[in-house]
Every structure is written in structure tokens, then in C-alpha cells.
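Chains as they are written, first to last, in our numbering: chain A, 1 to 389; chain B, 1 to 389. Each residue gets a CB set at the ideal place from its N, CA and C atoms; glycine is no exception.
Number of protein chains: 2
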Amino acid sequence: MTLPSPLVPPARVLLGPGPSDVAPSVSRALAAPTVGHLDPYFLGVMDEVRAMLREVFGTKNVLTMPMSGTGSAGMETLFVNLVEPGDRVLVGIHGVFGGRMAEVARRCGAEVVTVNVPWGQPLDVEKMREAAKGQSFDVVAMVHAETSTGVLTPLAPFRALADELGAMLLVDAVTSLGGVSIGVDEHGVDGIYSGTQKCLSCPPGLAPVSLSERAWTKLKNRKTKPQSWYLDLELIGSYWGSERAYHHTAPINMLYGIHEALRLALEEGLPARFERHVRHAKALTAGLEALGLELPVPEASRLPPLTLVAIPEGIEDAPVRKALLERYGIEIGGGLGDFKGRAWRIGLMGTGSTPRNVLLCLGALHETLAGMGWKAKGDPIAAAAAVLG
Amino acid sequence: MTLPSPLVPPARVLLGPGPSDVAPSVSRALAAPTVGHLDPYFLGVMDEVRAMLREVFGTKNVLTMPMSGTGSAGMETLFVNLVEPGDRVLVGIHGVFGGRMAEVARRCGAEVVTVNVPWGQPLDVEKMREAAKGQSFDVVAMVHAETSTGVLTPLAPFRALADELGAMLLVDAVTSLGGVSIGVDEHGVDGIYSGTQKCLSCPPGLAPVSLSERAWTKLKNRKTKPQSWYLDLELIGSYWGSERAYHHTAPINMLYGIHEALRLALEEGLPARFERHVRHAKALTAGLEALGLELPVPEASRLPPLTLVAIPEGIEDAPVRKALLERYGIEIGGGLGDFKGRAWRIGLMGTGSTPRNVLLCLGALHETLAGMGWKAKGDPIAAAAAVLG
Chain A
1 MTLPSPLVPP
11 ARVLLGPGPS
21 DVAPSVSRAL
31 AAPTVGHLDP
41 YFLGVMDEVR
51 AMLREVFGTK
61 NVLTMPMSGT
71 GSAGMETLFV
81 NLVEPGDRVL
91 VGIHGVFGGR
101 MAEVARRCGA
111 EVVTVNVPWG
121 QPLDVEKMRE
131 AAKGQSFDVV
141 AMVHAETSTG
151 VLTPLAPFRA
161 LADELGAMLL
171 VDAVTSLGGV
181 SIGVDEHGVD
191 GIYSGTQKCL
201 SCPPGLAPVS
211 LSERAWTKLK
221 NRKTKPQSWY
231 LDLELIGSYW
241 GSERAYHHTA
251 PINMLYGIHE
261 ALRLALEEGL
271 PARFERHVRH
281 AKALTAGLEA
291 LGLELPVPEA
301 SRLPPLTLVA
311 IPEGIEDAPV
321 RKALLERYGI
331 EIGGGLGDFK
341 GRAWRIGLMG
351 TGSTPRNVLL
361 CLGALHETLA
371 GMGWKAKGDP
381 IAAAAAVLG
Chain B
1 MTLPSPLVPP
11 ARVLLGPGPS
21 DVAPSVSRAL
31 AAPTVGHLDP
41 YFLGVMDEVR
51 AMLREVFGTK
61 NVLTMPMSGT
71 GSAGMETLFV
81 NLVEPGDRVL
91 VGIHGVFGGR
101 MAEVARRCGA
111 EVVTVNVPWG
121 QPLDVEKMRE
131 AAKGQSFDVV
141 AMVHAETSTG
151 VLTPLAPFRA
161 LADELGAMLL
171 VDAVTSLGGV
181 SIGVDEHGVD
191 GIYSGTQKCL
201 SCPPGLAPVS
211 LSERAWTKLK
221 NRKTKPQSWY
231 LDLELIGSYW
241 GSERAYHHTA
251 PINMLYGIHE
261 ALRLALEEGL
271 PARFERHVRH
281 AKALTAGLEA
291 LGLELPVPEA
301 SRLPPLTLVA
311 IPEGIEDAPV
321 RKALLERYGI
331 EIGGGLGDFK
341 GRAWRIGLMG
351 TGSTPRNVLL
361 CLGALHETLA
371 GMGWKAKGDP
381 IAAAAAVLG
């Protein structure tokens, strides 16, 4: 074979559903010297990562750490550890990731009941309560921030439902961790997972998870071993805990990366960071509306880090995204499932949630749509600037 | 909480069982700009990684790619995809990783028969043939390069046994890929997995795997879905194949890293690279013998990238490793299982397999042992230098 050349990746502006742009100091951290996974220095890194992760999740849970895989490995971690064959799982579905939860739960041998709402809407707790009537459930599972639709669903009503059912509450927080307040302890979440490549602005490769005391007890009292050895939390907990028992070789440099990403989030301050995501999302949506575009998600349910935009009549999906990428180096996301070819997903996440990216995205989208004959209703830049103040 | 400081990891010399020292250009690759996992640029990176990985594995297998997890995720990938409940699996065990294969196979619902040989010895194919007599097996599983003992077991006799049984051959090549010839096609291996942090000198975080046509057919004809969604090779194959169907967000920057690591391996040339590992291992063992230390593994079965050294009578394990780390910044590995506290593991892997590291390791070990009263038989540096020429 011909030997490939060394890589020189292009500098994109990542405004899709993730990965998001990586902070320069996070990139540098990735390239720091690798040490051994049992090196005393590295054990200190692990402790700091855990402590910072607890802050960002809003929890005191002992079992809080990044799993050695991407966000989907976090999802699988929760289900393989906390669901035993025959367990009954109630899953709310309003996008790709709720559907995936149901699929993963089934592969764990669970009896799964799903409750669907239209994509682009928040989950409907009443509909789930109705569906659960007269039945027992071990787990209620829901997606806090649906990456496929840009919908945020509040956690509190689902904790209440889980309480009524005597069930654990498992939550997907892939696109909320570090960009939206979660409050794991405040909302009594029993198991939660996320990724690094969204609002933490670290490259993909780790899946932060956190488990409550109750979840830990359930895990300890399993009748069968978890079907996954790689994701077995009792074994992994022994490496991350005081025993430091070798399980697998941790992805050292990725952990340097998340250490720096968490540090940046806490240095900024979480309330300020969450507020920044809201402010820039509002500026973006004001600009999109000035462009004359429609936002399918009801205003109260919009996820600040990720905005769903309907593709207007007469405009084709792929040529727009291609033009944005090739002319401006900007990535935005296509739609998934019900929204495939019908909507775009624009992410302003972590490091990427800036006034500069709001204006850049609106300007590039305006130019591109104008070239395809679209007439804007107003001036998107002025509308966004008015919100940015 | 008090905000941790930015990380400034120490520059170790990693001479343990992995992670090994990372080549400077691999570190730089990790820090390159992140692009999207469906970016046309990244799809090109994936194609090049696959092509190079096939060269290093010695295969034309279509299904060859790095899984998004560490080496143990590679092990789990093979078993969850290729073993169905009730399948019969014959596993050779001569260290930690054979035992782990048996455990993972059991968690997949397999009926597992294990054949043990003493740690530090190569697997005994005759003993496995004897154990299999009169029984049918779907899978023969074995470890090519036992990371826990530094033993290399040739593949050909196990292919012959698998043929007699009509079984697939699954192989652990975590500490051989890139440092020792494997010859996946030559030896008719049906499924093989490795890690990046050994002889490829890339940080941990990916698990290269390769599956034969026969394995692929078995996968396609499964009666049940694999118990893991995250590691489901039919779904992942659709992302790595021409469909490019989204499965999970690939760990982009880790893939930049393995791209550069594979490039370096092929640029050097595989025969030269394998020969380099042999030459430096011979220099190291000559030096260790001059020091008066014993090597528990029979000479013909020694794994060039990793050497097992008996801890001599009167010398304690931990203080030696601590002194090497603290005074010289050198990491060597402790023993595992049967060799815990009784042996060290010294790795000369990938970028780290150099004349400089041979002399450095021998010099530092000599000084440290001398300080504890150990009398060397001869001059370890001279003995190593004689081999290095």
C-alpha cells in the first residue's frame, strides 16, 4: 500500500450536535506526556476528575467517573449494571436516544414499555403515568436533553413518577452536562450518563456516569453478573475507589483532556456557564427568526446548547450544509429520524457558545440561503446583536 | 471545592507492560483540530486507518477497525458478537488474559472449558486437544502474547486444533500488534483484538479488531442480537463501511493518534520493526542475566516486547519500583497473579524499544539493586552493549 501522509485536519467551526469545538488548553492537555495507569501521579488526576465531575453533575455520589468509551457506552453502562433479565423498564421516547435506551434495555433482557410523543416535543409525564397504571416498574428511563431534536425535558416530574412506581430514575444527559443545570442529587436521579464532546468541549471518547446509593445497592444485590465485563461497575469501582485494583488500562490522555475541560467549566462558574448557553441560544434563535426560519420546538422546551431549525420549503438540506462546510468551514447537523431532510441542528456548546459563532453562523446561513433564492424577513445579524446587547 | 491546577504530567520513561512511551508525532496528532465524525475529511481518515491496520494485522479482512474502547473492549467485542448463548468455547489459560477471556465468554452464556498451564509457560496445544477429545466446540480462544507473563505462543498449532474441531479461532494480540508478526490471514485467525498502548506506542483508548469472512458469516446468522449494542459489529460495520450510518460518535482525536502510530510503524517497515523488538529484548535479557537475575520464561517462548524477570531472594518488589520511578522517572511493571511480588515486567515496546532504554533500564536497575545489597554477576551494560553491537 502507499503510505498515507501525516494528517493535517482542517480547522472547522463545529456548530453541529457534537463534537463541539475543543478549547485550546484541552487540546494541549491531550498531548501531555502519557504516564502509567497505576502511576501515583495519575491516581491524583483520577481523584481530581471525580471531584470536578461531581460538581458539574450536581451530586455527592461516590460512584461518579468517566467510563472508557463514548456517550453510548455510558448508556450501556447504566442498563447492563442496573437492569437484570425480567426487570420492567418504562422508557419515554421523543427522539433517537430514547429509542436507543429501549433497545439497550431489551438487550439486557428487560421487559420494556415505551411511551412515545412526537419528535420535537418534550416527554409527556402524564402519558407515561397513564401507560404505567396498574403495573410495576423497576426503572423509569428518560432523556434530559434530546440530541436528535434539541428538546429539554425537566427532570422533577419524572422523579415524582418514579417515586409513585417505586422505580429508579435513569437519565441521558449527553447534551446537557456542562451546558445546562442537571442537579443529580436535587432531582434524585439514580443513574445518569453523558459524553465529553458536547457542552464540555472535549473530544469524544469518555462517558461520565454517576450512580446514586440506591443504584449502588441494586448493583450489589444483583442475582446475576452484569452481561458486560468491560462496563462492570463493581470491578471498575474498585479501580476508581481506594483499592485501585487494575481492571483495564484507562485512556490516560483522554482523562487529561476531561480534567482540563472540567477545570475550565468550574473556573467559569456553572451558573455563568449555563446563563451563557441560554443567552447565545436566544441570540441565535432571534437571528433565525429574522431570517424567516421556523423553530419546531416550543420555546419553553428548547435546549440552549442545540437548536432545531426547520428547512424551509424550496430549500434542499444537503447543498446548504455542503456550502457551509466548504465555503466557511462550518459544520451544522442534519436532522435525524422524523426530521431527516426536514431540519438542521445548530449547536452552540461549551467553548463554541460565543457571540462570534452566533454571528458567523447567521451570516453564513443568510448568505447561503440567499444564494438559493431565499428572502430573509429581516436582518438576522441585527436581531442577534440586539439580544447580545 | 478548590479548583485543581492545570495538569503538568511528569515525563516518565514507560518500561512497564503498557502504556508505552508515545512518539512525539503521535502526541501532536492527538492535539490536532477535532472535526465531525461524519465530516468527509474524517471519513478519509477512517479509510486510511483501516488500510494501515490491515497491513499491521497481516490481513485483507474487510471488517478491520479500531473499536471505541481500550483493549479489553476489543476482547468483549469478539465474544459478544461471535458467541451465542449455549456455544461451546475452549480457552487456553496461562495468565490473566486467558482467564479474562473465559470470564467474558461465560457472561455471553457460553459453555466454557478451560485448559490451564503454569504461568510463564506457553499454552499447550496437546493438552487442549486432549481436553477437547470427543466434544464439539464452536470457538477455540487463546492469547498470542500474554501481557501478564511475557510469553509468546505460536498461532499455527491452535489453528490446526480449531480445524480439527470445526471451530473458530479467537486471539488476544494486545501485546503483539505492531511489535511481533501476527499474520492473521496466514494463520487463519477468525477474530483478533489488540490495544494501542503497547507496541503501537499510542495512548490507550482504542481496540483494533479484525474478523474473518467466516466470523462475519457467523455474526450475520446469529439467532439473537448481540447483548451489547455499543459493540454490535453489524451496526458499527455500517458506520465504517460504505453506508457511513451513524452509530456512535467516534473518538476523533484518538483516531488521529492511531493513524500516526500506524503510519510510523509502516514507515519503519514491519520486518525491521519486529527485528528491532527482538534485538533490544536480547540486549536487555543479556544485561539482566549479567546482573544475575533469572528469567522465568523459557527462552524460545519469550515475548520480545515484554520481559519477565524474577525478583531475587532478599529483594522486595515495591521499594525497587518506587526507587526507579522516583529517582529516575522509570516505570516498570509488577507481577500479576502467580507472579505478584515475585517478578517484574519490563517492556520495550514500539517507540520505547531503543538502545537508550536498554542501557537506561539496566543502569538504573543495577544502581537500585546494588543499593539494596545485591551483587551483580557481571557488567550488565557491557553485556547489553555486546548484543547491540
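Secondary structure at residue i, three-state DSSP: helix, strand or coil?
i       : result
M1(A)   : coil
Y230(A) : coil
T307(A) : strand
R222(A) : coil
M128(B) : helix
S194(B) : coil
S201(B) : coil
P208(A) : strand
A343(A) : strand
V26(A)  : helix
V35(A)  : coil
V8(B)   : coil
L255(A) : helix
L14(A)  : strand
G371(B) : helix
G334(B) : strand
H366(A) : helix
R426(B) : Because chain B here runs from 1 to 389, residue 426(B) falls outside it and cannot be looked at.
T354(B) : coil
L348(A) : coil
L53(B)  : helix
Taking C-beta to C-beta, are residue i and residue j nearer than 8 Å?
i       : j       : result
E76(A)  : S228(A) : yes
G287(A) : P204(A) : no
A31(B)  : E260(B) : no
G188(A) : R159(A) : yes
L177(B) : P208(B) : yes
G333(B) : R342(B) : no
A105(B) : L231(B) : no
G183(B) : A215(B) : no
F274(A) : S181(A) : yes
P24(A)  : P33(B)  : no
E336(A) : V115(A) : Before going further, note that residue 336(A) is Leu rather than Glu in the sequence given. In this structure, V115(A) does not lie closer than 8 Å to L336(A) by Cβ.
L3(B)   : E268(A) : no
L82(B)  : L170(B) : yes
E331(A) : R12(A)  : yes
A290(A) : A364(A) : no
L63(A)  : Y246(A) : no
T224(B) : E84(B)  : yes
P305(A) : G371(A) : no
A145(B) : V117(B) : no
L165(B) : A132(B) : yes
G350(A) : G150(A) : no
Q.
For the structure I just gave you, are there three or more beta carbon pairs, one from the segment 44 to 54 of chain B and one from the segment 43 to 55 of chain A, closer than 8 Å?
A. no
Q: Evaluate the contact criterion for the segment 196 to 203 of chain A versus the segment 19 to 31 of chain A: three or more CB pairs, one atom per stretch, below 8 Å.
A: yes
Q. Between the segment 136 to 144 of chain A and the segment 81 to 99 of chain A, do three or more beta carbon pairs fall short of 8 Å?
A. yes
Q: Note down, one range per segment and in chain order, each alpha helix (DSSP H) of at least 4 residues found wholly within the segment 271 to 330 of chain B.
A: 317 to 328
Q | Unbroken stretches of the beta strand (DSSP E), 3 residues or longer, contained in the segment 55 to 120 of chain B | A | 63 to 67, 88 to 93, 111 to 116
Q: Report yes or no: do the segment 290 to 302 of chain A and the segment 113 to 128 of chain A share at least 3 C-beta pairs separated by less than 8 Å?
A: yes
Q: At 4 residues or longer, and completely inside the segment 140 to 198 of chain B: list those alpha helix (DSSP H) runs for me, N to C.
A: 156 to 165
**Q.** Three or more C-beta pairs below 8 Å linking the segment 311 to 324 of chain A and the segment 351 to 360 of chain A
**A.** no
Q. Between the segment 97 to 105 of chain A and the segment 244 to 254 of chain B, do at least 3 Cβ pairs fall closer than 8 Å?
A. no
Q.
Which residues of the segment 49 to 73 of chain A have a Cβ closer than 8 Å to any Cβ of chain B? Give them in chain order.
A. A51, M52, E55, S68, G69, T70, G71, S72, A73
Q | Near-chain B residues of the segment 170 to 187 of chain A - C-beta to any C-beta below 7 Å | A | none
Q.
Along the segment 235 to 254 of chain A, where does the CB come closer than 9 Å to a CB of chain B? Name the residues.
A. Y246, H247, H248, T249, A250, P251, I252, N253, M254
Q: Could you list the residues in the segment 251 to 283 of chain A with a C-beta less than 9 Å from some C-beta on chain B, going in chain order?
A: P251, I252, N253, M254, Y256, G257, H259, E260, L262, R263, L266, E267
Q. Which of the residues in the segment 26 to 39 of chain A, read from start to end, lie with their CB under 8 Å from any CB of chain B?
A. S27, R28, A29, L30, A31, A32, P33, T34, V35, G36, H37, D39
Q. Going along the segment 344 to 363 of chain A in order, which residues come within less than 9 Å of chain B, judged by CB to CB distance?
A. none
**Q.** Against chain B: residues of the segment 7 to 20 of chain A by CB proximity under 7 Å
**A.** L7, P9, P10, A11, R12, L14, G16, G18, P19
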